[in-house]
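Worksheet: the structure to be examined is printed underneath.
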Amino acid sequence: MTSVRSGPRRRWAYQLDVKGSPYLYIAPFFLLFGLVGMFPLLYTAYVSLTDWNLLDPAHEWVGLANYADLLADDYFWNALFNTVSIWLLSTVPQLLAALFIAHMLNRRLRARTLFRMGVLLPNVTSIVAVTIIFAQLFGRDFGMVNWALELVGLDPIDWQAGTLSSHVAISLIVIWRWTGYNALIYLAAMQTIPEDLYEAARLDGASQFTQFRRITVPMLRPTIIFTAVVSTIGGFQIIAEPLLFQAGTGNPTGGSDRQFQTVGLYLYEQGFSLYEFGYASAIAWTLCMIIVVMALVNFAITRRIRSS
Amino acid sequence: MSAGRTRLAAGALVIGMLAAGCGGSPSAGSTPTDGKITLTLNLFGNMGFKELYAKYEAAHPNIKIVERTSAYNDHHRNLAAHLATRSGAADVEAIDTGFIAQFRNQPQHFADLRQHGADQLKDRWLPWKWEASLAKSGAQIGYGTDVGGLAMCYRRDLFEKAGLPTDRDKVAELWPDWTSYFETGKRYTAKKPEGAAFFDGGPQVFNAMVGQMETGYYDTQDNVVVATNPAIRSAYDQVLEAVAEGQSAKLVGSSPAWNTGFAKSQFATIACPAWMLAKIQDQGKAFAGQWDVAAIPGGGGNWGGSYLTVPAQGKHTKEAVALIAWLTAPEQQIEVFAKHGILPSTVATYDKPEVTGLKHEFFNDAPIGQIFTTAARNLKPQYQGPRAGDIQTAIRDAINRVEEGKQDGAEAWTQMLGDVERISK
Numbered sequence: 032m033t034s035v036r037s038g039p040r041r042r043w044a045y046q047l048d049v050k051g052s053p054y055l056y057i058a059p060f061f062l063l064f065g066l067v068g069m070f071p072l073l074y075t076a077y078v079s080l081t082d083w084n085l086l087d088p089a090h091e092w093v094g095l096a097n098y099a100d101l102l103a104d105d106y107f108w109n110a111l112f113n114t115v116s117i118w119l120l121s122t123v124p125q126l127l128a129a130l131f132i133a134h135m136l137n138r139r140l141r142a143r144t145l146f147r148m149g150v151l152l153p154n155v156t157s158i159v160a161v162t163i164i165f166a167q168l169f170g171r172d173f174g175m176v177n178w179a180l181e182l183v184g185l186d187p188i189d190w191q192a193g194t195l196s197s198h199v200a201i202s203l204i205v206i207w208r209w210t211g212y213n214a215l216i217y218l219a220a221m222q223t224i225p226e227d228l229y230e231a232a233r234l235d236g237a238s239q240f241t242q243f244r245r246i247t248v249p250m251l252r253p254t255i256i257f258t259a260v261v262s263t264i265g266g267f268q269i270i271a272e273p274l275l276f277q278a279g280t281g282n283p284t285g286g287s288d289r290q291f292q293t294v295g296l297y298l299y300e301q302g303f304s305l306y307e308f309g310y311a312s313a314i315a316w317t318l319c320m321i322i323v324v325m326a327l328v329n330f331a332i333t334r335r336i337r338s339s
Numbered sequence: 040m041s042a043g044r045t046r047l048a049a050g051a052l053v054i055g056m057l058a059a060g061c062g063g064s065p066s067a068g069s070t071p072t073d074g075k076i077t078l079t080l081n082l083f084g085n086m087g088f089k090e091l092y093a094k095y096e097a098a099h100p101n102i103k104i105v106e107r108t109s110a111y112n113d114h115h116r117n118l119a120a121h122l123a124t125r126s127g128a129a130d131v132e133a134i135d136t137g138f139i140a141q142f143r144n145q146p147q148h149f150a151d152l153r154q155h156g157a158d159q160l161k162d163r164w165l166p167w168k169w170e171a172s173l174a175k176s177g178a179q180i181g182y183g184t185d186v187g188g189l190a191m192c193y194r195r196d197l198f199e200k201a202g203l204p205t206d207r208d209k210v211a212e213l214w215p216d217w218t219s220y221f222e223t224g225k226r227y228t229a230k231k232p233e234g235a236a237f238f239d240g241g242p243q244v245f246n247a248m249v250g251q252m253e254t255g256y257y258d259t260q261d262n263v264v265v266a267t268n269p270a271i272r273s274a275y276d277q278v279l280e281a282v283a284e285g286q287s288a289k290l291v292g293s294s295p296a297w298n299t300g301f302a303k304s305q306f307a308t309i310a311c312p313a314w315m316l317a318k319i320q321d322q323g324k325a326f327a328g329q330w331d332v333a334a335i336p337g338g339g340g341n342w343g344g345s346y347l348t349v350p351a352q353g354k355h356t357k358e359a360v361a362l363i364a365w366l367t368a369p370e371q372q373i374e375v376f377a378k379h380g381i382l383p384s385t386v387a388t389y390d391k392p393e394v395t396g397l398k399h400e401f402f403n404d405a406p407i408g409q410i411f412t413t414a415a416r417n418l419k420p421q422y423q424g425p426r427a428g429d430i431q432t433a434i435r436d437a438i439n440r441v442e443e444g445k446q447d448g449a450e451a452w453t454q455m456l457g458d459v460e461r462i463s464k
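These protein sequence lines are chains L and G, in that order. In this text, residue positions in the first sequence follow our numbering: the first is 32, and each later residue adds one. In this text, residue positions in the second sequence follow our numbering: the first is 40, and each later residue adds one.
Right, here's the structure in full:
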């Protein structure tokens with residue numbers, strides 16, 4: 032009796048184990064994600080549809096009014112422009128420099144491991160400390176950058192005051208921190224490129240540069256696209272650098288004329304300086320949508336490159 | 040920009056919207072096993088209480104006091120978040136003048152001090168100080184610590200080089216009002232030592248001028264009057280004229296560059312609320328005896344000054360209220376003034392010889408007791424509206440835009456009015 036019944040039951044348990052266990056093993060991630068990712072995401076969506084002031088107990092339902100206000104808000108468009116500008120100024124030179132550094136590190140060098148670890152060093156420093164030091168370097172009266180400019184006979188620049196100058200300074204902070212990180216990713220990918228390709232090229236008399244352009248870059252294409260996508264997502268969320276670039280003044284306006292206020296910083300200003308949580312949530316969701324669109328664009332480009 | 044950073048930032052973005060600083064701080068007012076009650080104070084800057092805690096703990100063996108300080112803006116932002124989420128606030132929270140009106144509009148978040156005998160203590164304080172933390176419902180949310188009585192600090196050595204008098208009474212005679220202050224600035228600028236402007240930055244001078252007005256950014260019905268108050272526009276124009284004449288070092292107050300400005304002698308005068316004395320000593324250590332304190336143009340005026348409040352969410356509100364009543368009592372305020380130059384807000388202290396007779400060695404033995412108590416007595420109380428702090432920042436940015444050469448005065452004014460309208464709607 033028992034043996035007859037235990038047969039199908041054991042089979043059923045086996046089936047459950049094979050089919051169900053994987054879900055069980057990945058469940059902790061999704062449970063945690065649901066708790067600290069999905070729930071806040073949805074709740075933020077709800078908050079964005081209300082007139083929610085942090086200090087005011089009443090939360091009036093306003094529908095899409097926050098989004099309508101946002102689209103007519105000059106400061107939002109200004110922040111979006113700044114974000115795109117800083118993203119372009121930081122991402123393009125950063126990835127080019129990372130590619131070059133990776134190429135150099137991939138050659139035979141003395142103390143290669145030391146150099147390879149070294150490029151990652153800027154990445155492990157505290158973003159707060161780095162930004163404050165950079166803000167000092169770009170100081171108007173006693174900054175080292177202006178001192179160097181004067182040495183070579185150029186006029187000093189009020190880095191924080193100008194739109195382009197502040198974007199360049201903030202981009203440099205980002206470049207300094209993330210170039211080494213991307214270089215290591217490229218380096219890892221470069222080491223998967225078969226050596227015989229280079230050997231053949233050398234036999235054909237291809238120069239170092241031609242080898243780099245014709246072999247390395249095409250073989251790295253998927254990696255380059257990956258770093259571009261990741262940099263895009265990070266670049267659109269940039270907040271700490273512009274916030275701390277005006278350290279001490281304690282205000283997230285991104286300069287006297289909002290010349291370096293990014294979307295993330297505008298969100299922070301609305302939510303945590305003016306306590307307008309409803310409006311800040313609308314900014315958060317709009318930013319999220321913009322990033323999704325950018326990711327889709329990147330995805331489309333990826334597919335086209337693969338198929339071509 | 041890494042994947043890790045991205046994920047972190049994405050998480051922070053959404054979670055931050057909701058969590059608003061819920062986590063982090065250990066829950067205030069916990070009772071340890073030894074039966075002692077721990078009272079936590081969240082303050083900003085140096086409020087001069089540190090020496091007093093041991094005294095209070097000695098008199099109240101069951102109390103242990105822990106002080107936490109953070110930066111001015113962060114402190115008030117965190118407090119708002121902790122009140123809204125009803126958790127995380129300390130037993131005692133300091134609030135500055137610029138924010139008190141905003142918080143007194145939410146009295147339900149604070150212990151009503153009237154239920155703890157506040158009415159018997161009422162006469163301690165300058166009447167306007169008492170009223171500034173009084174809610175419309177009649178609830179009293181805080182006890183006043185200090186007032187920011189105004190004076191003008193100046194550098195004797197720089198004045199001498201520019202051919203101006205250095206004696207503090209003679210200097211005060213140079214500027215009975217702001218017009219003559221800026222006239223003096225013109226004289227100074229004509230013969231100024233290289234690299235040392237007349238004042239630190241336009242917005243800081245402007246703040247001092249507003250501090251003297253009977254009506255500032257708000258009328259007493261909480262209407263914003265920035266656009267219609269002629270005194271505001273006139274002060275704005277006066278400051279910008281002086282900026283155009285090269286009198287300003289164009290430094291943004293409290294920025295790292297401003298701190299450097301003290302050490303590098305970038306300006307000869309600075310509007311000096313009593314609490315600024317501590318700042319000057321910290322940043323300009325090398326210039327002991329060179330700094331001096333004279334009367335402020337126009338006499339009187341207030342800039343800053345704080346309150347201690349007890350959030351209603353605390354576990355030990357009764358003990359916390361007793362502590363703030365003690366910390367803000369005249370005897371303790373005198374001690375804080377003697378050690379740190381932070382000016383008392385209680386009336387009785389202004390007649391005490393240990394206050395009026397106080398001199399400050401760093402400031403060339405300036406009689407700061409007499410200067411600041413005179414300033415505090417001459418002070419015309421100004422009604423503070425809910426968003427005064429944010430409006431002040433908007434005007435600061437406008438003056439900075441002109442100092443940076445990005446806009447002219449009229450453009451900056453128009454843009455500022457738009458900002459103020461957004462803030463106050």
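Where a beta carbon is used, it is the ideal one built from N, C-alpha and C, also for glycine.
- Unbroken alpha helix (DSSP H) runs of no fewer than 4 residues, entirely contained in the segment 138-178 of chain L, are found at 143-149, 152-155 and 158-168, following chain order.
- Under a 10 Å Cβ-count criterion, VAL183 of chain L is classified as exposed, with fewer than 16 other Cβ atoms of the shown protein chains found around its own Cβ.
- Listed as beta-bridge partners of LYS103 of chain G by DSSP are G:THR77.
- Using a Cβ-Cβ cut-off of 7 Å, ALA123 of chain G is close to LEU85 and LEU86 of chain L, given in chain order.
- GLN239 of chain L sits in a helix when the DSSP states are folded into three classes.
- Close CB contacts of ILE309 of chain G within its chain, under the 6 Å cut and outside five residues either way in sequence, are with CYS192 and ASP239 (chain order).
- With the criterion set as a beta carbon lying under 9 Å from some beta carbon of chain L, the members of the segment 299-323 of chain G are THR299, GLY300, LYS303 and GLN305, in sequence order.
- In the DSSP assignment, ALA190 of chain G falls within the beta strand (DSSP E) that extends over 189-194.
- In the pairwise beta carbon analysis, the segment 190-209 of chain G is classified as touching the segment 310-318 of chain G: at least three pairs are separated by under 8 Å.
- Runs of the alpha helix (DSSP H) spanning 4 or more residues and lying entirely within the segment 81-143 of chain L occur at 96-102 and 105-136, in chain order.
- Residue nearest to ALA451 of chain G within the set G:ASN262, G:ARG272 and G:ASP258 is G:ARG272 (criterion: CA-CA distance).
- Short of 7 Å from the beta carbon of GLU300 of chain L, and not among the five residues preceding or following it, lie these beta carbons of its own chain, in chain order: PRO283 and THR284.
- With a 10 Å radius around the Cβ and a threshold of 16 neighbouring Cβ atoms, TYR45 of chain L comes out exposed.
- The C-beta distance from LYS324 of chain G to GLU442 of chain G rounds to 27 Å, too long to fall under 8 Å, and the pair is not in contact.
- With a 10 Å radius around the Cβ and a threshold of 16 neighbouring Cβ atoms, TRP43 of chain L comes out exposed.
- When secondary structure is reduced to three states using DSSP, GLN179 of chain G falls in the strand class.
- TRP164 of chain G sits close to THR385 of chain G, with the two beta carbons spaced by under 9 Å.
- DSSP, read as helix, strand or coil, puts SER126 of chain G in coil.
- A Cβ-Cβ separation of about 36 Å leaves PHE198 of chain G out of contact with ALA133 of chain G under the 8 Å criterion.
- DSSP places ILE309 of chain G in the uninterrupted beta strand (DSSP E) bounded by 306-312.
- At a Cβ-Cβ threshold of 9 Å, VAL278 of chain G and ILE430 of chain G do not count as neighbours.
- When Cβ pairs closer than 8 Å are counted between the two stretches, the segment 214-224 of chain L is seen to touch the segment 133-146 of chain L, the count reaching three or more.
- For LEU82 of chain G, the three-state secondary structure derived from DSSP is strand.
- For GLY300 of chain G, the number of other beta carbons within 10 angstroms of its own is at least 16, and it is reported as buried.
- Assignment of beta-bridge partners to LEU347 of chain G by DSSP yields G:ALA133 and G:TYR182.
- Within the same chain, and ignoring the five residues on either side of VAL360 of chain G in sequence, the residues whose Cβ sits closer than 8 Å to its Cβ are ALA150, LEU152, HIS155 and VAL349.
- Here ALA405 of chain G is bridged, per DSSP, to G:HIS399.
- GLU460 of chain G has a beta carbon lying at 9 Å or more from every beta carbon in chain L.
- Closer than 9 Å to the CB of THR284 of chain L there is at least one CB belonging to chain G.
- In the DSSP assignment, ASP158 of chain G falls within the alpha helix (DSSP H) that extends over 157-160.
- Taking ALA271 of chain L as reference, the option from L:GLN242, L:PHE257, L:VAL161 and L:MET250 with the minimal CA-CA separation is L:VAL161.
- Annotation: ALA236 of chain G is outside any alpha helix (DSSP H); the continuous beta strand (DSSP E) that includes it extends over 236-238.
- Assignment of beta-bridge partners to ASN298 of chain G by DSSP yields no partner.
- Between the alpha carbons of GLU460 of chain G and LEU122 of chain G lies a distance of about 26 Å.
- Across the structure, TRP342 of chain G and GLY250 of chain G are spaced so that their CA atoms are roughly 6 Å apart.
- Among the bridge pairs identified by DSSP, VAL360 of chain G is matched with none.
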